[in-house]
Structure formats: C-alpha cells, structure tokens
Amino acid sequence: MTTITNNTTSLYDSLPAQFSTLANGAQFPEARKAAFAQFQALGGFPTVKTEDWKYTNVIPFFRNLQTLELPQPIAISAEELEATELLLPDTYRIVLLNGELQPQLSDLPPAKQATVLKLSEAGNEPAFTAHFNKSKKLNEHHFAQLNTAFFTNGLFIEVKAKAQLEKPIHIIHLYHNTSSLLLNPRHLWIAQEGAAVQIIESAAGIGQAGAIVVNSVIEAVTAERAQMSHYQLQTGGNQLRFINQTLVQQLGKSLYNNYTFTLSESELVRNNLNISLDDERTETHLYGFYIATGNQLVDNHTSVDHRMPNCESNELYRGVLMDKATGVFNGKIYVHEDAQKTNAFQQNNNLVISPEANIYTKPQLEIFADDVKCSHGTTIGQVSDDALFYLKARGIGDAQARSMLVKAFAFDITAQVKIPAVRKQVEQIATRYLSAAVNN
Amino acid sequence: MLNIKNLHAAVEGNAILKGINLNVKAGEVHAIMGPNGSGKSSLASVLAGREAYEVTEGSVEFEGKDLLDMSPEVRAREGLFLAFQYPVEIPGVSNINFLKTAVNEIRAYHGQPPMQAKAFLDMLKSKQKLMEFDANLMNRSLNEGFSGGEKKRNDIFQMAMLEPKLAIMDETDSGLDIDALRIVSAGVNKLRSKDNAFVIITHYQRLLEYIVPDFVHVLYNGRIVKSGTKELALELEEKGYDWLKEDIRLEEPVQ
Numbered sequence: 001m002t003t004i005t006n007n008t009t010s011l012y013d014s015l016p017a018q019f020s021t022l023a024n025g026a027q028f029p030e031a032r033k034a035a036f037a038q039f040q041a042l043g044g045f046p047t048v049k050t051e052d053w054k055y056t057n058v059i060p061f062f063r064n065l066q067t068l069e070l071p072q073p074i075a076i077s078a079e080e081l082e083a084t085e086l087l088l089p090d091t092y093r094i095v096l097l098n099g100e101l102q103p104q105l106s107d108l109p110p111a112k113q114a115t116v117l118k119l120s121e122a123g124n125e126p127a128f129t130a131h132f133n134k135s136k137k138l139n140e141h142h143f144a145q146l147n148t149a150f151f152t153n154g155l156f157i158e159v160k161a162k163a164q165l166e167k168p169i170h171i172i173h174l175y176h177n178t179s180s181l182l183l184n185p186r187h188l189w190i191a192q193e194g195a196a197v198q199i200i201e202s203a204a205g206i207g208q209a210g211a212i213v214v215n216s217v218i219e220a221v222t223a224e225r226a227q228m229s230h231y232q233l234q235t236g237g238n239q240l241r242f243i244n245q246t247l248v249q250q251l252g253k254s255l256y257n258n259y260t261f262t263l264s265e266s267e268l269v270r271n272n273l274n275i276s277l278d279d280e281r282t283e284t285h286l287y288g289f290y291i292a293t294g295n296q297l298v299d300n301h302t303s304v305d306h307r308m309p310n311c312e313s314n315e316l317y318r319g320v321l322m323d324k325a326t327g328v329f330n331g332k333i334y335v336h337e338d339a340q341k342t343n344a345f346q347q348n349n350n351l352v353i354s355p356e357a358n359i360y361t362k363p364q365l366e367i368f369a370d371d372v373k374c375s376h377g378t379t380i381g382q383v384s385d386d387a388l389f390y391l392k393a394r395g396i397g398d399a400q401a402r403s404m405l406v407k408a409f410a411f412d413i414t415a416q417v418k419i420p421a422v423r424k425q426v427e428q429i430a431t432r433y434l435s436a437a438v439n440n
Numbered sequence: 441m442l443n444i445k446n447l448h449a450a451v452e453g454n455a456i457l458k459g460i461n462l463n464v465k466a467g468e469v470h471a472i473m474g475p476n477g478s479g480k481s482s483l484a485s486v487l488a489g490r491e492a493y494e495v496t497e498g499s500v501e502f503e504g505k506d507l508l509d510m511s512p513e514v515r516a517r518e519g520l521f522l523a524f525q526y527p528v529e530i531p532g533v534s535n536i537n538f539l540k541t542a543v544n545e546i547r548a549y550h551g552q553p554p555m556q557a558k559a560f561l562d563m564l565k566s567k568q569k570l571m572e573f574d575a576n577l578m579n580r581s582l583n584e585g586f587s588g589g590e591k592k593r594n595d596i597f598q599m600a601m602l603e604p605k606l607a608i609m610d611e612t613d614s615g616l617d618i619d620a621l622r623i624v625s626a627g628v629n630k631l632r633s634k635d636n637a638f639v640i641i642t643h644y645q646r647l648l649e650y651i652v653p654d655f656v657h658v659l660y661n662g663r664i665v666k667s668g669t670k671e672l673a674l675e676l677e678e679k680g681y682d683w684l685k686e687d688i689r690l691e692e693p694v695q
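Written out as structure tokens, the structure reads:
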C-alpha cells in the first residue's frame, strides 16, 4: 500500500506519486489530470495566507494522514446501522460506506421516478455527461480539484422530470478505516424539470481506527421548475473531519433549500456552499445552525451568485460558540450586472458563550446591478442576562437555563425544517450535544 | 418568614437601598409604596438575587436561612417568587416546557421525583381555570407577542403553578387596564392563605383596592420612612408623597 507518511516529506510533496499510482486505470483520466494540475496551480493545500482560508488552518489535519487508499470493505449489519441512531422513518434509505453504495442496506426510490447509481456506474447516463464536473467555481476550490483528481466513488441521483418523490431520500454516510485516511467521495444529484425531491444526509463512523478527513464534492442541479430541499445533518464523532463542497446550479423558476446543521464532535468542519442562479425567477433559501465546543473549528463559507434577473435568495445562519471553539462565517452575495430585480437577504447571528471562544464573521455583498434589494447583517452576543435571570427566578438552574436559551436561539432555524422527523432528530441531537458540552 | 435587617445595596457603586428593615410573617400581605426612584424595584431585585445589585450591608433571612447566600434559582426553589415588572419575552422557549422544567427542578431540589405528564396537565388545567388564564397562551413561546396584561397574568399563573411561600410583586399593576388588574388581583386573592405571604410593590393605591394589605410601608430614598395599615395607602393617595418628603426633611438632622 502506498502511504503518505508524516516525516520530513510533506503531504503535498508526496501527492504526485500518489496521483500517478491511484489515478492509474481509474475512470475519467482526463478530468483527473486537469484537476490535479489545477490543484497544483492553486498552490496545493490552502494556507492561512489564502484569503478564503484565513481563519481555518487545515494543514495540521493533513499532517498525520497515512493513506488515500480505501480499506477492505467491511460488512455492516442492520443492528450496527440502527445503533447509529440516525435512522429516520418514512424515507428512502441509501447507505454509503466510504462513499460506496451498499444496496443490501438501502431502500431505493422507485426506478420510474429516480435513478440511483454508484457514481462509477453512471458514466453512460446522459444527465451524467451533461452535468458531471461542470459546476462553475469548481476550478477555484483547492479541495474540489483535489477531489476530482482523487475521487473514489459516490452517488448519482437523477430525479426524473415531473417526478414528485413521496418520501425524502435519506443518505447515511458511514465511514470506516484501518489507518488514518483522506477520503474523496463525489456526488452528482439532478432534479429534472418539474421534479421535487427532499434529500437528507447524515454521517457516522463505524469501527474507525484513526482520523478520516472527508473531502467531499456534491454537484447538484435543479432544472426548470424543479424543487430540491437538501438537509445536511452534520453528525459524527471527533475522528471524522469534513471539508465539503456543495455546488448548486439553479435553472429557471427552480427552488433550492439548504439546511446545514453542524452538530458533530468533529474537530474540523468546513462547508463551502456555492449557489449559482443561472436563470430567471429562481428561489433559494439557505439555513444553517452550528454549535462548536471544545477545540472545534466550524467554518461556513457560502456564496450566492445572482447571475440573472428576478431571483430571490434568503440566508439565515446561527451559531453557538463554546469553550475554546472557533467559528467562521463568510457569506457572499454576488449580484451580476444582468441580475436586475434581485432580492437577496442574508443574516448571521452568533452566541459566543465562553470568553475563550472566537467567531470570525464576514457578510459580503457585491452588487453590479442597479435595481436590486439586498440586505445583510451579522450579530455577535451573549445569552441575554434578563432572559437568564427570568428562568433562574423560576427555579431553573444555570446550565439548564442557558441550554434552554441556546435552543431558543436555534429555534428560528429548526422551525424552518419541513420534515417533522428531521426536526425532531435535529433537536434531539442538539440537546444531547449541548447538555454534554454544558456539563463538561 | 422574611426578616430584612438594615439592608444596604448599591448598583455600580451608587447606593440605592440605605438601611431597610422589614419583617413579613406567614399569612401577611405587605404593600410597599413610594415615589419613583425611591428603591422599590431595587428591593425586589435584591431579594430575587439579580446580579447587578451588590449588597453592601445588612442581612436577609428567609425561613431562617440566609437568603443573600443563595443563587437566584435556589431562592426560587426555597419558595421565593418574583412577579416581574417587565416579564421578558423568550422566543423559542415554549411556555409549557418552561413551566414543566421549573416545576420539576423545584421538585428535584426537594428530593421529589419529576411530575408525571398526566398529573402536570391536570394541575395545569385546574390552575388555568382558577386564574382565568387563556389555555391558548400555554402553547406559545414564553411571553412572545403577549400583551402587557397577558404577560402579567402569565406571571401570576406561574405563581399559581409554583406555589411559592413568599411572592414579591414588582409593580404588577403597571400597564394594566382595569379588567387585567381585576383578574390579576383576583388571582392573588385566591392564592392567599395563612401559610404564604405577599410583598406588593406598587406606585398607586389602585391595586390595593383589590388586594387589601395588612401593612403599608412607604419607601423613600432607600429607606422605609413610614409604616401603617391600609389607611396609610389612602392617605398617600389623597396627599401624594410630597408631604412625606417635607416630614422627613424636618426629621433629618442638619449636616
């Protein structure tokens, strides 16, 4: 097995050798080659000198990584799956192990409504050819390029035109390793014209030995009048680290909703969420809620590209920073010259509970059209003393009162969740996670 | 039940309470009146344990225990209740969950198991009836979007649920219309018993027409300058506070 060792040779220096070994015989050689060249042209891994990574130093997380090669697949029992406590009722369930579809544990949507394939088997699908590796901005992302060069497998979902999926698709990402691993799953999801789909993602480690850095790329396309609701329940233990690139393309009159809940023990979560509004009258809603405790670093970089007129985007992110945790929020709204009558709203609110916690938040608005309505704002504060006193004056203890107020702060976000079982699960995980953090 | 001796307190270094003495026994209702800025609300805040207030001198015993030594939540669990002048709105905390948490934390403090869901709901219903409290408000967020009157009624309703030994009502009448005032006072009168006590802080005599106090005290410039029976309230209503200020000036030694 080829390994990347933590000695004087840096990980970056060893990547070309990795690439020639791993890419040899892999699918899509041209795309991989171009991506690896672009990754190198971007300077390899971003450092804190790279503007978009100023507050998020990823280098330490790569220092001890040993391999890019997947371990032998393990058999997962239904009981083990159950034990993740992530299962949701009334969903089409798709289980992935290290990015690889596990049909025996999955319950796929009806084939006449949606095609669900391993990415590696989707090469002949017309929708694959039309959209794979086509997202704007892929070129700008160091980690997206790294993913394209090294991706292993992932999920291809095509919801057929006019299909209205009755139940949400729940993707459970399971991760397993025998030594510390850099994993590059790659997904392409398409909602064809007039289709409607809800996709929920959650994650857990299974029999992990050492850390896994999951560097994932999702390309999602909502065709004309299509609707996609995408719930990212970022869960999992502290041996999982995530760098996610979600790149969404919206066509005319489509709707895309994203809900990102970061409620994991992971030391590093970086979400790059890029929405490209490529046609008129699209609508986009982005909601996020994150809690960071201990030494965690949770970074949300979102960008909404208004390229065409009469589109609407709405973004609300809230975060709670405790202990010595760090939060980063960067929300960019870019209104191109042609995007007249744009209506864009963005808000990021943070509760910084501990004196040692940090938040770096930067709402960015760049407007090149002259007839638009855009607003953005950010707040950083503590739990309200008056509210805290009110609860205590009724006999509720300090920790419990704080936890109630933090949950109340999250409420505006969880209230947006349209699937009751998901809302319940999110609130349960948040509560458990929060009380563990408060009692530490 | 409550024994305040020579209580001095300050906010940001400014002395607000300057030697309060007050003794409240079970079964009694005390009214504390006084002009604006005399320290009435500060007294309520100090007793409930608001952090901004620093006690600089004196002692407060509650049921024989040192009240000032307790955190606000322990004071509440020991049976002290503050009805707020301005109850806060807490969006996202449901009224019913909040009450259930409070009831169970108080029970846990006294070594009792949490209340069963059914018993809690039964209690909720009976107190709602007793207090004429709109059941629809229970499922809303705590005080969110409530009118002033609804907030005050919610506080009194909480009092009914938590069954405190001593309730301090901080200008509960402020901002209430006549109907709300009647309902709030009727609630208090229903809760009065020989085992509990009330300290009613009010600016006007109007509330005392509905809740008849056993004693009336006048707080002025951080001290109780006059005590009497309910007739004192009527006298104040008639003459205002200025005559008292004159009296006090005459009594104070020339410095």
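Taken in order, these protein sequences are the chains called C and F.
Under the working numbering, think of the first position of the first sequence as 1, with each following residue one higher.
Under the working numbering, think of the first position of the second sequence as 441, with each following residue one higher.
All C-beta atoms, glycine included, are put in the ideal place defined by N, C-alpha and C.
- Per DSSP, reduced to three states, the secondary structure at C/Ser20 is helical.
- Taking C-beta atoms as the reference points, F/Val628 and F/Ile472 fail to come closer than 8 angstroms.
- Per DSSP, reduced to three states, the secondary structure at C/Val406 is helical.
- In this structure, F/Leu602 keeps its C-beta atom at 8 angstroms or more from the C-beta atom of C/Gly207.
- Beta-carbon to beta-carbon, C/Ser229 and C/Asn257 are separated by about 4 angstroms, close enough to satisfy the 8 angstroms threshold.
- When Cβ-Cβ separations below 8 angstroms define contact, F/Ala557 makes no contact with chain C.
- Proximity of C/Tyr55 to chain F, defined by a Cβ-Cβ separation below 8 angstroms, is not satisfied.
- Within chain F, no residue has its CB atom less than 8 angstroms from the CB of C/Gly381, the nearest being about 15 angstroms off.
- For chain F, none of the residues of the stretch 236-267 of chain C brings a beta carbon within less than 7 angstroms of one of its beta carbons.
- Closest in C-alpha terms to F/Glu611, from the list F/Lys605, F/His448, F/Gly588, comes F/Gly588.
- Under the 10 Å beta carbon count, C/Asn177 is surrounded by 16 or more other beta carbons and is classified as buried.
- Three or more Cβ pairs closer than 8 angstroms define a contact, and the stretch 261-274 of chain C meets that threshold against the stretch 52-66 of chain C.
- Closest by C-alpha distance to C/Glu280, out of C/Gln250, C/Gln416, C/Phe45, is C/Gln250.
- Within the DSSP bridge table, the entry for F/Met609 names F/Ala523, F/Ile640 as partners.
- Closest in alpha carbon position to F/Lys465, among F/Pro653, F/Asp617, F/Met555, is F/Pro653.
- When DSSP reads this structure, C/Lys373 sits in a beta bridge with C/Asn343.
- Excluding five sequence positions before and after C/Ala357, the CB atoms of its chain that fall closer than 8 angstroms to its own CB belong to Ala292, Leu321, Met322, Asp323, Lys324, Ala325, Thr326, Gly327, given in chain order.
- By the beta-carbon neighbour count (other beta carbons within 10 angstroms, threshold 16), C/Thr379 is exposed.
- For F/Asn443, the CB contacts under 6 angstroms within the same chain, skipping 5 residues up- and downstream, are Asn463, Glu501 in chain order.
- Around the Cβ of C/Lys136, a 10 Å sphere holds fewer than 16 other Cβ atoms; the residue is exposed.
- Our two residues, C/Leu316 and C/Asp299, have alpha carbons roughly 15 angstroms apart in a direct line.
- In this structure, the beta-carbon distance from C/Ala421 to C/Pro89 falls below 8 angstroms.
- Interface with chain F (8 angstroms Cβ-Cβ cutoff): C/Ala387 is included.
- Within the stretch 389-402 of chain C, the residues whose Cβ lies closer than 9 angstroms to some Cβ of chain F are Phe389, Tyr390, Leu391, Lys392, Ala393, Arg394, Gly395, Ile396, Gly397, Asp398, Gln400, Ala401, listed in chain order.
- Listed in chain order, the non-local C-beta contacts of F/Lys480 below 7 angstroms within the same chain comprise Ile472, Gly474, Ile641, Leu659, local neighbours out to five positions each way being set aside.
- Beta-bridge partners of C/Gly327 (DSSP): C/Val298, C/Ile359.
- Counting only the Cα atoms, C/Ile171 lies some 47 angstroms from F/Ser566.
- For the C-beta of C/Met404, the chain F residues within less than 9 angstroms are, from N- to C-terminus, Ile530, Gly532, Val533, Asn537, Phe538, Thr541.
- The alpha carbon of F/Asn535 has as its nearest neighbour, out of C/Gln428, C/Ala437, C/Met404, the alpha carbon of C/Met404.
- Its Cα nearest to that of C/Pro60, the residue C/Ala211 stands out among C/Ser375, C/Ala211, C/Leu87.
- The beta carbon of C/Phe143 does not come within 8 angstroms of any beta carbon belonging to chain F, so the residue lies off that interface.
- DSSP places C/Phe28 in no alpha helix (DSSP H); its state is neither H nor E.
- Here F/Arg622 has Tyr650 as same chain residues with Cβ atoms under 8 angstroms from its own Cβ, once five neighbours each way along the sequence are excluded.
- A distance below 8 angstroms separates the beta carbons of F/Asn594 and F/Leu577.
- Nearest neighbour of F/Asp613 by Cα position, chosen from F/Phe586, F/His643, F/Ala600, F/Glu529, turns out to be F/His643.
- Neighbours of C/Ala408 in chain F, taken as residues whose beta carbon is under 7 angstroms from its own, are Ile530, Pro531, Gly532, Val533 in chain order.
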